[in-house]
Amino acid sequence: MAAHRSGGLLLSVGLLLAVPALAATPADRAACAASADKPEVEAAACSRIIDDASEQVAERVEALKSRARGSFNRKDYDRAIADYGEAVKLSPKDAFAFAHR
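Residues in the sequence shown are numbered from 264 upward in steps of one, following our numbering.
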């Protein structure tokens, strides 16, 4: 009986790991680019781009910078600094991110 339960658990875990993360969409890119104007709405779109491992590094860096600008405009300075810092880690030569962190 215990073996049957563990087999079901392994199957469940396997299925969860096999489900791909939600990929960012073109609508996410547009919403993220506008996040400085409407930071409370578009931060989720930027997060989807940032969290999408299939995105190119340059796209993720731009999403981090957009989300950081929105955070700054909301006066969430700690979040803005963290996002700019992560952008610098991904793209150390990005002068904008480096200057704003």
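Even glycine gets a Cβ: it sits at the ideal position worked out from N, Cα and C. Keep in mind that this is a model prediction, so the values were computed, not measured.
The C-beta distance from Ile313 to Leu327 rounds to 6 Å, short enough to fall under 8 Å. Take the alpha-carbon of Arg323 and the one of His363: they are about 17 Å apart. At a cut-off of 3 residues, not a single continuous stretch assigned as beta strand (DSSP E) sits fully inside the segment 278-352.
In chain order, Ser329 place their CB closer than 7 Å to the CB of Ala296, counting only its own chain and leaving out the 5 sequence neighbours on each side. Sorting Asp341, Asn336, Asp357, Ala287 by C-alpha distance to the C-alpha of Arg311 places Ala287 at the top. Looking at Lys338, Glu318, Asp291, the one whose alpha-carbon comes closest to that of Ala306 is Asp291.
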